[in-house]
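J.:
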Amino acid sequence: MLKSTLLKATEAGGKILQQYFNGVFEVSSKSTVNDLVTEADKKSEAVIIEVIRDTYPDHFILSEEVGAMETDSAYKWIIDPIDGTVNFANGIPICCVSIGVEKEGEMVLGAVYNPFMNELFVAEKGKGATLNDKPIHVSAKASVATSCLVTGFPYKWEESDRNPLQVLTSVIQQGIPVRRLGSAAIDLCWVACGRFDGFWEHHLQAWDSAAGYLMVEEAGGKVTDFSGDKYSPYQNDILATNGHIHSELRNLINGK
Ligand code: IPD
Ligand code: CA
Ligand code: CA
Ligand code: CA
Numbered sequence: 001m002l003k004s005t006l007l008k009a010t011e012a013g014g015k016i017l018q019q020y021f022n023g024v025f026e027v028s029s030k031s032t033v034n035d036l037v038t039e040a041d042k043k044s045e046a047v048i049i050e051v052i053r054d055t056y057p058d059h060f061i062l063s064e065e066v067g068a069m070e071t072d073s074a075y076k077w078i079i080d081p082i083d084g085t086v087n088f089a090n091g092i093p094i095c096c097v098s099i100g101v102e103k104e105g106e107m108v109l110g111a112v113y114n115p116f117m118n119e120l121f122v123a124e125k126g127k128g129a130t131l132n133d134k135p136i137h138v139s140a141k142a143s144v145a146t147s148c149l150v151t152g153f154p155y156k157w158e159e160s161d162r163n164p165l166q167v168l169t170s171v172i173q174q175g176i177p178v179r180r181l182g183s184a185a186i187d188l189c190w191v192a193c194g195r196f197d198g199f200w201e202h203h204l205q206a207w208d209s210a211a212g213y214l215m216v217e218e219a220g221g222k223v224t225d226f227s228g229d230k231y232s233p234y235q236n237d238i239l240a241t242n243g244h245i246h247s248e249l250r251n252l253i254n255g256k
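Taking full-length UniProt numbering, the leading residue of the sequence shown gets 1, the next gets one more, and so forth.
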């Protein structure tokens, strides 16, 4: 029931992305002029919440645009109605709906759907991860030197924060290919299915990584923070890899 509701909600959100894509819609800014929210983010969020509320009126919901709708349920739905809003607003079809479900503080289910590539990624705690119903696994690449990596940059950062440009520099100075897709959820899913060997980003929010990090773990990969501690979607820094290159990439992004 939980899984079918998750899939129904993800699909409903995906339909909204398709309806609005390349059309005329309202766009406004949030924390910075380029931190966007569109009419489609809000509409996708509304239909997703409606589907969840239909079956689970008492579950806790945490969603990017409306925030936290707290209850004392053991279940919490963590929703990104469009991950990759800047791509979406520019007609770049690298964006998705991302929904994670937590039970008693542990991520148990996740779905990421990019309707423009017709790709639905699903992860279930202890049961693996799939892409369009076929099991997926992380890559077997054993060295960072031959890896293909992906990252993302925050809209802004404080002087006191680790400088994302220094981290990027230490990787690209080694001549390692690094991509920037613009959707953290897709970045994580592409690590899960072996297209990328590793991903790191500073300052993600819970909705960016909730579903994707379970995807990587269930596909056999490893997800930690930059210091190598167990990852939680409520912290900022994420490092997700196929597992084999994890400590090597961690050292590199820490400037070691
Ligand atoms: C953003 C994307 C992007 C990442 C940003 C996120 P949004 O989410 O995941 O890849 O670099 O940090 O905020 O705003 O498009 O949902
Ligand atoms: Ca956003
Ligand atoms: Ca996001
Ligand atoms: Ca979003």
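Glycine included, every Cβ here is placed at the ideal spot set by N, Cα and C.
It should be emphasised that the depicted structure is a prediction, and the values quoted were computed from it without experimental measurement.
1) Give the straight-line distance between the Cα atoms of Leu-6 and Leu-165, rounded to the nearest whole angstrom.
2) Which parts of the region 78-103 are runs of the alpha helix (DSSP H), unbroken and 4 residues or longer, counting only runs that do not cross its ends?
3) Comparing alpha-carbon positions, which option in Glu-159, Trp-200, Leu-109, Val-101 lies nearest His-59?
4) Shorter than 6 Å, the distance from the beta carbon of Thr-85 to the closest heavy atom of ligand 2, or not?
5) Note down the Cα distance separating Phe-116 from Ile-94, rounded to an integer number of angstroms.
6) In the DSSP assignment, find the unbroken alpha helix (DSSP H) run with Val-167 in it and report its ends.
7) Could you tell me whether any Cβ in chain C is nearer than 7 Å to the Cβ of Lys-43?
8) In angstroms, rounded to a whole number, what distance separates the CA positions of Ala-185 and Pro-177?
9) Taking C-alpha atoms, which residue in Ala-40, Ser-28, Glu-201 lies nearest to Phe-153?
10) Taking only three categories from DSSP, how would you classify Ser-139?
11) Would you mind reading off the limits of the beta strand (DSSP E) that contains Ile-48?
12) According to DSSP, is Gly-110 helix, strand or coil?
T.: Here's the rundown:
1) 37 Å
2) 85-89
3) Val-101
4) yes
5) Phe-116 and Ile-94 have their alpha carbons spaced roughly 7 Å apart.
6) Per DSSP, Val-167 belongs to the alpha helix (DSSP H) from 164-172.
7) Checking the listed chains, one finds no chain C in this structure; it contains a single protein chain.
8) 20 Å
9) Glu-201
10) coil
11) For Ile-48, there is no enclosing beta strand (DSSP E); the enclosing alpha helix (DSSP H) covers residues 39-55.
12) strand
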